[in-house]
Structures are given as structure tokens and as C-alpha cells.
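Reading through the C-alpha cells given below for one structure.
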Amino acid sequence: MVKNFYFSLIYAPTIILLDFIFLVTFSLVNQVSLQTFLITLSLSVIVTLIILIAIGSKRKKELFRIGFIIKSIRENTYNNPDDIKLGKNLVDLEDEIRAMFLRTKTDITNLKKLEQVRTEFLGNVSHELRTPIFTIQGFLETLLDGALYDKKVNRTFLQKAVQHTHNLNNLLNDLIDISMIESGQMRMSFRYFDVNEFLESIINELKSLAQSKNIELLFKPDEQNSRVFGDKEKLKQVLVNLIMNAVKYTENGYIEIGVLSEGKRGKIYVRDTGIGIAETDIERIFERFYRVDKDRSREQGGTGLGLAICKHIIEAHGSKIEVESQLGKGSKFSFVLKK
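Numbering-wise (my numbering), the sequence shown opens with residue 994 and increments by one.
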């Protein structure tokens, strides 16, 4: 009972004031005797105590309920915000606690996803680093065991070891890029430049690589205004990656690189006649370390980070990479830039 009274103290001043006003008014109007006044005062005090205890009991239950709900939210035992109920008198507080519950649940879900992504990322990185390191180690140990003096195999082993060091270096560079991008430290240098000259120079750099696989590189320039706005170095990284991927997955076909004017924007595209991408894979190709063809990617030195980096770079230009593909018929990657 004392505890209930304690929980009702917040209402005591108001009730006592009303009591006092009532008694004074009653005494003045009825001109009661002292004895009657004292009896009335006693009854009033008793009634007041009963009211305070009743109010305190109700408030105590409400406070315990609030404490229980907050503890349950903290311990993540609630699954549905509709389970949070405080009563008709505490509707506003109930809504606030439900909103807090939803925010907490969202934060917990995001933290779990972040932890899962971090774990998967570390696992993928360790695997991708381990593969070339173990391969190089195997080549070197074989050479030390006697193959070094066999002219038929030593050069082949050394060439493969060098290739794997290049793959390892590419992976480390991509890891640095993705780290800078996701931490917001990627620096961009935007300016206007001639997109036709830009694409032609990239094609000339990669032409010999394409020809080694009997692939023809075709160029379709912008016949109108060929100036676009963007970061040339970052866009070159994107285009080289897209063209290299097209070369990797195309045999004895062609790759077309071109620009189309779309009003005040220029649409750059890379179209190939390669193996294509399954519809189920298209949704995931921009994920870190995701590969459509794992064996071919590892054989030719893919890191699995290229398209993820391309996605971030193009998004930093206020655009998005669009993908059209059909198995056995090829793929088309495109994005737009401001003119």
C-alpha cells in the first residue's frame, strides 16, 4: 500500500489543493462547527488516501508494464510491434515505444547483415589471396626440387608464377579501390572531354588482346556532340573492365563499343557476342567476389571485384549500369553521362 502511495505522489498536490478548496468552501457556506469540520476533514483525508492508493496502484502496474516491455525489447524477445500494449491512457507512449521497437529491430537486422557481409568479405579475401600465394609457392618449391635445371619446364613455371603475382597485385589494387569507395574516400575529378577520342584510345590499347582471341573490336562514335562530363581516369577503369570481361567471355566473335546521343546525355555501351549471362546471375554480378564462371575467371585472373567497383564509379557519376543479356547470344552493358 505504501508503494502504491509512493507511485501516486505526482498527483498528491492537485488532490490536496482540491480537498482544501472543498473544505473551506463547505465550511463557509454551511457555517459548520469545529467538530463537524474535523469529521469532514478526517473523511476527506481518508477518501484522498484511498484515491491516491488506487491511482498509485494503477500507475505502478503501468510503470512495471513499461519496464517489462523495454526489457523485452532490449533482450529482443518481441517479434511484432502489435504485441506492445499499454492501455487506452498511454496511447501516445505506446506509439513511441512501438516506433522505438521498429528502429531497434531495423538496427539489429542491419548489424546482422553487416556482420554477415564482413564475414563473407574476409572469407573471400583470404581465399582469393591464398590461391595465388599457394600456387606461386608450389611453382617455386618444384623449381627448388630440381625443375630449375630442366629447361623444358623452368621457364613455364616462372611465367606462371609471374602471372599469379600479377593476379595478386590486381586483387590488392581492387581491394584498395573498393575500400576507398565504400569509406567515401574516392576522389573524383570531373570535367568535359571528347568521348570519341577517349573510347578510341582505349580500344587501341586492347585491340591486340582481342585479336589474340580472334575477336574484332568495333567502334561506333557519337556523330553529334561528342563531349561528355565525367572523371576520365575512373571511367577508363570502368570501360577497360567491361571490355576485358567481354573479351574473357567471347570466342571468335566481336565486341562493339559505342556512344548514342540521348538529348543532353550520352549513352556509352559495350556489346559482345559471348556466352551471355543467365537471368538469375544478372541480379548478382555487381556483388563483390561474385563470378558467373568461376573456373574461367580464376584461369584468366579475375578478382571478382571489377564490376562492384564499376557500379560504384558510375553511381558517383549520378548514373547506373544497365545490363541486357541472353545465354548463348551475348551481353550489353551501358550507362549514360551528362553532356
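For glycine and all other residues, C-beta sits at the position ideal for the given N, C-alpha and C.
Provide the residue span of the beta strand (DSSP E) that contains residue i, from first to last.
{"i": "residue 1280", "result": "Here residue 1280 belongs to no beta strand (DSSP E), and DSSP marks it neither H nor E."}
{"i": "residue 1319", "result": "1315-1319"}
{"i": "residue 1194", "result": "That residue, residue 1194, is in no beta strand (DSSP E); its alpha helix (DSSP H) goes 1188-1204."}
{"i": "residue 1327", "result": "1323-1331"}
{"i": "residue 1211", "result": "1209-1213"}
{"i": "residue 1183", "result": "Neither: residue 1183 is in no beta strand (DSSP E) and is coded neither H nor E."}
{"i": "residue 1223", "result": "1220-1223"}
Could you tell me how far apart the beta carbons of residue i and residue j are, in whole angstroms, since I believe they sit closer than 8 Å?
{"i": "residue 1307", "j": "residue 1313", "result": "6 Å"}
{"i": "residue 1147", "j": "residue 1164", "result": "Between residue 1164 and residue 1147 the Cβ distance is about 26 Å, and since that is not below 8 Å, they are no contact."}
{"i": "residue 1322", "j": "residue 1269", "result": "5 Å"}
{"i": "residue 1211", "j": "residue 1248", "result": "7 Å"}
{"i": "residue 1316", "j": "residue 1275", "result": "5 Å"}
{"i": "residue 1157", "j": "residue 1129", "result": "5 Å"}
Going by the CB atoms, is the gap between residue j and residue i shorter than 8 Å?
{"i": "residue 941", "j": "residue 1301", "result": "The chain is shown only over 994 to 1332; residue 941 falls outside these bounds and no answer can be derived."}
{"i": "residue 1265", "j": "residue 1327", "result": "no"}
{"i": "residue 1246", "j": "residue 1267", "result": "yes"}
{"i": "residue 1220", "j": "residue 1145", "result": "no"}
{"i": "residue 1240", "j": "residue 1203", "result": "yes"}
{"i": "residue 1188", "j": "residue 1215", "result": "yes"}
{"i": "residue 1258", "j": "residue 1155", "result": "no"}
{"i": "residue 1243", "j": "residue 1208", "result": "yes"}
{"i": "residue 1299", "j": "residue 1100", "result": "no"}
{"i": "residue 1222", "j": "residue 1185", "result": "yes"}
{"i": "residue 1079", "j": "residue 1086", "result": "yes"}
{"i": "residue 1311", "j": "residue 1121", "result": "no"}
Hey, out of the options, whose CA is closest to residue i's CA?
{"i": "residue 1238", "options": "1253, 1042, 1206", "result": "1206"}
{"i": "residue 1182", "options": "1235, 1228, 1156", "result": "1228"}
{"i": "residue 1162", "options": "1186, 1126, 1179", "result": "1126"}
{"i": "residue 1281", "options": "1115, 1097, 1039, 1196", "result": "1115"}
{"i": "residue 1218", "options": "1194, 1318, 1132, 1256", "result": "1256"}
{"i": "residue 1198", "options": "1067, 1138, 1236", "result": "1236"}
{"i": "residue 1089", "options": "1070, 1109, 1063, 1113", "result": "1063"}
{"i": "residue 1319", "options": "1175, 1271, 1092", "result": "1271"}
{"i": "residue 1304", "options": "1119, 1108, 1171, 1121", "result": "1171"}
Starting from residue i, trace the alpha helix (DSSP H) both ways and give me its first and last residue.
{"i": "residue 1148", "result": "1144-1175"}
{"i": "residue 1299", "result": "1299-1309"}
Would you mind listing the beta strand (DSSP E) stretches within the stretch 1233-1263 that are 3+ residues and don't spill past its ends, in chain order?
1247-1255
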